[in-house]
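Below is one structure, written out as structure tokens; comments come after it.
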Amino acid sequence: MSVVLEVRGLGVRFGGIRAVDGVSFDAESNAITTIIGPNGAGKSTLFNLISGMIRPSSGKVMLRGVDLTGRPPYLMQRAGMGRSFQITNLFFELTVFENLRLAAQRLETTGRFLLPVRRSERALARVHELVERFALAPKAGELAGALSHGEQRRLEIAVALATEPSILLLDEPTQGMSHSDTADTAALIRDLARDVTILLIEHDIGVVMDISNHIVVMHQGRKLAEGAPAVVRADPAVKSAYFGHA
Ligand SMILES: Nc1ncnc2c1ncn2[C@@H]1O[C@H](COP(=O)(O)OP(=O)(O)OP(=O)(O)O)[C@@H](O)[C@H]1O
1 MSVVLEVRGL
11 GVRFGGIRAV
21 DGVSFDAESN
31 AITTIIGPNG
41 AGKSTLFNLI
51 SGMIRPSSGK
61 VMLRGVDLTG
71 RPPYLMQRAG
81 MGRSFQITNL
91 FFELTVFENL
101 RLAAQRLETT
111 GRFLLPVRRS
121 ERALARVHEL
131 VERFALAPKA
141 GELAGALSHG
151 EQRRLEIAVA
161 LATEPSILLL
171 DEPTQGMSHS
181 DTADTAALIR
191 DLARDVTILL
201 IEHDIGVVMD
211 ISNHIVVMHQ
221 GRKLAEGAPA
231 VVRADPAVKS
241 AYFGHA
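Numbering (UniProt numbering), first residue to last: 1 to 246.
Below, the structure is given as structure tokens:
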């Protein structure tokens, strides 16, 4: 295993609040690294710092050895950072196919210019691969806005993967899902980890313990603990801060 993402001493303040305070961890290739912690622990802010949505006031973000600290999201994405959002980020008035094609088209960027869509063979091949892999082929011609919640969340992950990122950041991919959609999504994420490094925020502790290779526990902006699922589960500080008992 090699380290894909290195986060070192990352931090940001909002007014008087240290929303993220000196957080460091590594995400290893083809592993699932999951960030957990109570509400307000700083998980989403940490994702925003890593993906360039917010500029850190301290620390570093390195992807495959390249320092990307403080770069805007589009440059992060170009460097190999893929992200799906907690709040849905799809074009509801476009079809499933069109949403994916738009995202995949970035594969065809040559310098600052885009090739015409019909010549984007690599992008089209990627779209076909994704609709199959995400079981969205029967829905390819439907508007994204007409899909079920579970299908929309699945499409979002596919959109984030369209540019063939080195790491995929998934912010609560099972949120609001039924029990069976949650189980399907967990299986899908585990399957994706064969091809892409995954950094996850997830509240469903059953899913977390089941699919994570490495867990980073946050509390009040800081890293409280990290390790394999069994190690984290047994940690007394984690039990008291996160599960509410020691
Ligand atoms: N833009 C902002 N301005 C001011 N404070 C913010 C901002 N974004 C987050 N915060 C604060 O930073 C802290 C961390 O919030 P964050 O949303 O990162 O936590 P979280 O762990 O993702 O929570 P949840 O599980 O509820 O999504 C909280 O105290 C929150 O109120």
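Glycine included, every Cβ here is placed at the ideal spot set by N, Cα and C. Quantities reported herein were computed from a predicted structural model and do not represent experimental measurements.
- Of the candidates H179, G37 and S148, G37 places its Cα closest to the Cα of V20.
- Boundaries around L200 are those of the beta strand (DSSP E), T197 to I201, since no alpha helix (DSSP H) includes it.
- For a cut-off of 8 Å, the C-beta gap from A140 to T95 is around 7 Å, short enough to register as a contact.
- If you draw a 10 Å sphere on the C-beta of V66, you find fewer than 16 other C-beta atoms in it, and that means exposed.
- T45 has its CB nearer than 7 Å to a heavy atom of ligand 1.
- Runs of the alpha helix (DSSP H) spanning 4 or more residues and lying entirely within the segment 90 to 169 occur at 96 to 104, 121 to 133 and 149 to 161, in chain order.
- A Cβ-Cβ contact shorter than 8 Å links S57 with G11.
- Around the Cβ of Y242, a 10 Å sphere holds 16 or more other Cβ atoms; the residue is buried.
- DSSP, read as helix, strand or coil, puts A27 in strand.
- Here the segment 199 to 215 makes contact with the segment 225 to 233; the two share three or more CB pairs at distances below 8 Å.
- At the C-beta level, S51 and E156 stay beyond 8 Å of one another.
- Closest in C-alpha terms to T33, from the list D184, R222 and L169, comes L169.
- By the criterion of at least three beta-carbon pairs nearer than 8 Å, the segment 132 to 148 is not in contact with the segment 63 to 81.
- Nearest to L100 by C-alpha distance, out of A193, E129 and P72, is E129.
- Following the DSSP letters along the chain, one finds A225 inside the beta strand (DSSP E) bounded by residues R222 to G227.
- One Cα belongs to G206, the other to R154, and the distance between them is close to 19 Å.
- Put simply, the backbone Cα of Y74 is about 26 Å away from that of E151.
- Note that the C-beta distance between V7 and E28 is not below 8 Å.
- R190 has no beta-bridge partner at all, per DSSP.
- The continuous alpha helix (DSSP H) containing I205 extends over residues I205 to I211.
- For G42, the Cβ falls inside the 7 Å cut-off from some heavy atom of ligand 1.
- Taking 8 Å as the cut-off, the beta carbon of L147 is found no closer than this to the beta carbon of E93.
- The nearest non-hydrogen atom of ligand 1 is 7 Å or more from the C-beta of I215.
- Counting only runs of 4 or more residues that sit fully inside the segment 42 to 94, the alpha helix (DSSP H) segments are 43 to 50 and 73 to 78, in chain order.
- For T174, the three-state secondary structure derived from DSSP is coil.
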